[in-house]
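Engineer: Chains A and B supply the protein sequences, listed in that same order. Numbering (the working numbering) for the first sequence: 1 to 183. Numbering (the working numbering) for the second sequence: 1 to 183.
2 protein chains.
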Amino acid sequence: MALQHAIMTALLEDDMSGFELARAFDASLGFFWRATHQQIYQELKKLSQKKLLDSKSVPQVGKPRKILYAITPAGRAAMDKWVYEESRVQEAKDDLFVKLYNLSSDNVPQLISELERRREQVMQRLYLYEKIRRGHYENPETLPIRRKGIYLALDWGTQHGEQFLQWCDGALEMLTSCKDMPT
Amino acid sequence: MALQHAIMTALLEDDMSGFELARAFDASLGFFWRATHQQIYQELKKLSQKKLLDSKSVPQVGKPRKILYAITPAGRAAMDKWVYEESRVQEAKDDLFVKLYNLSSDNVPQLISELERRREQVMQRLYLYEKIRRGHYENPETLPIRRKGIYLALDWGTQHGEQFLQWCDGALEMLTSCKDMPT
DNA sequence: CTTTACATGTAACTCGTTACATGATTAA
DNA sequence: TTAATCATGTAACGAGTTACATGTAAAG
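Written as structure tokens, this is what we have:
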């Protein structure tokens with residue numbers, strides 16, 4: 001049920017529409033909890049029904065009307081409570097490693113290209129993190145406390161990405177040597 | 001649909017019952033794709049229906065009967081095909097970082113203890129990896145190719161865990177200084 | 001006689017994905 | 001008039017979780 005909490009997290013900063021939330025997820029929170037717009041719209045509806053969010057239709061000039069959501073006092077209380085609760089352990093789910101369990105002389109080239117693809121994706125993500133860091137998190141010690149939390153999350157993302165690249169290089173080396181001298 | 005593939009991966013090595021599979025997941029494959037016994041039993045049934053697995057009831061002495069599953073030629077073919085397919089990007093889903101986005105002077109102590117809890121869990125996992133490595137993967141270069149893949153997966157797990165510990169220490173330091181001098 | 005390990009399941013529910021559907025406004 | 005951006009949804013399905021249910025056999 002963390003998507004609901006991720007949505008409310010974003011709404012603590014600013015009132016937003018479903019569409020704006022979807023963009024906000026793409027730009028930041030979604031690094032740690034991905035969501036499609038469909039799911040966001042559904043969860044917004046549920047949160048409204050539970051009175052954790054208020055909604056109002058806002059007409060716009062030159063654009064279709066949007067539905068703005070704002071967190072209610074009950075919503076804030078629910079968030080405070082949630083942060084206090086113990087979260088369950090992160091779930092390990094990644095095809096890539098299951099595929100590695102299936103490594104054979106036949107599929108080495110396939111796994112090499114899969115790793116190269118992942119490597120490229122992770123590098124792109126790292127560029128993005130670097131851009132955000134330079135733009136908003138140059139001096140972490142001087143940030144207000146809320147921003148420090150975000151900084152720490154992004155810092156994890158950065159280190160995690162760098163670690164992946166490092167591992168990936170070693171893995172590619174090993175796989176390449178498998179390909180060259182198959183047994 | 002990767003749980004089905006993870007199950008077949010395990011069955012490539014050995015015929016197993018649902019119960020044995022659940023244990024195998026706890027001991028190794030589950031590091032990368034967690035599953036409960038309920039889900040495993042359900043997926044085994046589906047895989048049997050699709051003729052990717054054969055099942056037979058095996059009586060045992062001193063224990064209840066078990067249902068042994070074996071991968072069929074069609075199952076092997078499906079696995080080969082799956083490894084060849086492009087896997088979708090890994091899904092980022094972790095409460096912890098969403099909670100960090102909610103950092104405030106009120107919940108700093110809570111997040112500190114959450115991090116300490118995680119740190120402990122990761123250390124335990126690292127001990128386990130280390131034990132496995134010493135037992136079975138001392139000389140990765142000399143392993144048969146399939147085992148090299150598993151080695152690489154475990155190696156990723158190890159590096160990933162170590163990276164987390166490192167990040168965690170930095171994060172705890174920052175959070176502790178927040179607690180000491182609140183603004 | 002009680003606990004632990006072995007062994008297999010069902011039902012209800014929530015979460016997440018994919019495909020489909022609609023429509024306004026602006027710029028080329 | 002066509003494409004791009006903004007904006008909100010529904011329906012069907014598949015994946016995953018939680019709670020519940022049942023029973024055998026060994027060991028203490």
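Quick reminder that beta carbons are idealized off the backbone N, C-alpha and C, glycines included. Since the model is a prediction, treat every value here as computed from it, not as a measurement.
With DSSP collapsed to three states, give me the class of A35 of chain A.
Structural biologist: The answer is coil: DSSP assigns A35 of chain A none of H, G, I, E or B.
Engineer: Residues of chain B with CB under 7 Å from D95 of chain A, in chain order?
Structural biologist: Going along chain B in sequence order, the residues near D95 of chain A (Cβ under 7 Å) are A2 and S87.
Engineer: From the DSSP output, in three-state form, read off V58 of chain A for me.
Structural biologist: Correct three-state label for V58 of chain A: strand.
Engineer: Compute the beta-carbon to beta-carbon distance between V191 of chain B and F164 of chain B, rounded to the nearest angstrom, for a pair I have assumed lies under 8 Å.
Structural biologist: With chain B covering 1 to 183 only, the question about residue 191 of chain B has no answer from this structure.
Engineer: By DSSP, does L44 of chain B sit in helix, in strand, or in coil?
Structural biologist: The answer is helix: DSSP assigns L44 of chain B an H, G or I state.
Engineer: Taking the C-alpha atoms as reference points, what is the distance between D95 of chain A and W156 of chain B?
Structural biologist: Distance between the alpha carbons of D95 of chain A and W156 of chain B: 13 Å.
Engineer: Would you say Y137 of chain B reaches chain A, if we count a Cβ-Cβ gap shorter than 8 Å as a contact?
Structural biologist: No, its Cβ sits nowhere closer than 8 Å to a Cβ of chain A.
Engineer: Roughly how many whole angstroms lie between the Cα atoms of T36 of chain A and G149 of chain B?
Structural biologist: For T36 of chain A and G149 of chain B, the distance between alpha carbons rounds to 33 Å.
Engineer: For chain A, is any of its Cβ atoms less than 8 Å away from the one on Y129 of chain B?
Structural biologist: Not closer than 8 Å to any Cβ of chain A, the Cβ of Y129 of chain B fails to qualify, so no.
Engineer: Do the segment 160–179 of chain A and the segment 108–124 of chain A meet, that is, are 3 or more Cβ pairs less than 8 Å apart?
Structural biologist: Yes, the segment 160–179 of chain A touches the segment 108–124 of chain A.
Engineer: Considering only the alpha carbon of each residue, which of B:L103, B:N102 and B:A77 lies closest to D106 of chain A?
Structural biologist: Cα-wise, what sits closest to D106 of chain A is B:A77.
Engineer: CB of W82 of chain A to nearest heavy atom of the ligand NAD: below 7 Å?
Structural biologist: Here there are no bound small molecules, and the ligand NAD is not part of this structure.
Engineer: Does the beta carbon of A153 of chain B sit closer than 8 Å to a beta carbon anywhere in chain A?
Structural biologist: So, interface residue.
Engineer: What span of residues does the beta strand (DSSP E) with L68 of chain B cover, start to end?
Structural biologist: K66 to I71 is the span of the beta strand (DSSP E), which, as asked, contains L68 of chain B.
Engineer: Run through the DSSP bridge pairs and tell me what L152 of chain B is partnered with.
Structural biologist: Per DSSP, none; premise fails for L152 of chain B.
Engineer: Roughly how many angstroms separate the alpha carbons of K131 of chain A and Q166 of chain A, rounded to a whole number?
Structural biologist: Straight-line Cα distance between these residues: approximately 21 Å.
Engineer: For I145 of chain B, which option in A:S177, A:D15, A:R117 and A:E114 has the closest C-alpha, if you only look at C-alpha atoms?
Structural biologist: The option with the nearest alpha carbon to I145 of chain B is A:S177.
Engineer: Since Q163 of chain A meets chain B, which of its residues come closer than 7 Å, beta carbon to beta carbon?
Structural biologist: What Q163 of chain A touches in chain B: Q159, H160 and Q163.
Engineer: Among A:Y84, A:K50 and A:F25, which residue has its Cα nearest to the Cα of Q38 of chain A?
Structural biologist: It is A:F25.
Engineer: Helix, strand or coil: how does DSSP classify M1 of chain B here?
Structural biologist: Three-state DSSP puts M1 of chain B in coil, outside helix and strand.
Engineer: Taking the alpha-carbon positions, what's the S113 of chain B to L47 of chain A distance?
Structural biologist: The straight-line gap from Cα to Cα measures roughly 29 Å.
Engineer: Comparing C-alpha positions only, which one of B:E138, B:L12 and B:Q42 sits nearest to L29 of chain B?
Structural biologist: Selected option, being the one with the closest Cα: B:L12.
Engineer: Find the nearest neighbour of M174 of chain B within the set A:L111, A:L152, A:R134 and A:R118, judged by alpha-carbon distance.
Structural biologist: Considering only alpha carbons, the answer is A:L152.
Engineer: Please say whether E91 of chain B and K56 of chain A have beta carbons closer to each other than 8 Å?
Structural biologist: Result no, Cβ atoms of K56 of chain A and E91 of chain B do not sit closer than 8 Å.
Engineer: Quick one: is D102 of chain A buried, meaning 16 or more other Cβ sit within 10 Å of its Cβ, or exposed?
Structural biologist: Looking at the sequence shown, residue 102 of chain A is not Asp but Asn. So N102 of chain A ends up on the buried side.
Engineer: Less than 8 Å between the C-beta atoms of I71 of chain B and M8 of chain B, yes or no?
Structural biologist: Taking 8 Å as the Cβ cut-off, I71 of chain B and M8 of chain B qualify as a contacting pair.
Engineer: If the criterion is Cβ atoms closer than 8 Å, does the pair M16 of chain A and L52 of chain A meet it?
Structural biologist: Cβ distance not < 8 Å, so M16 of chain A and L52 of chain A don't count as in contact.
Engineer: Would you please state the rounded distance, in angstroms, between the beta carbons of L172 of chain A and L115 of chain A? I believe it to be under 8 Å.
Structural biologist: With 8 Å as the limit, L172 of chain A and L115 of chain A qualify as a contact, their Cβ atoms being about 6 Å apart.
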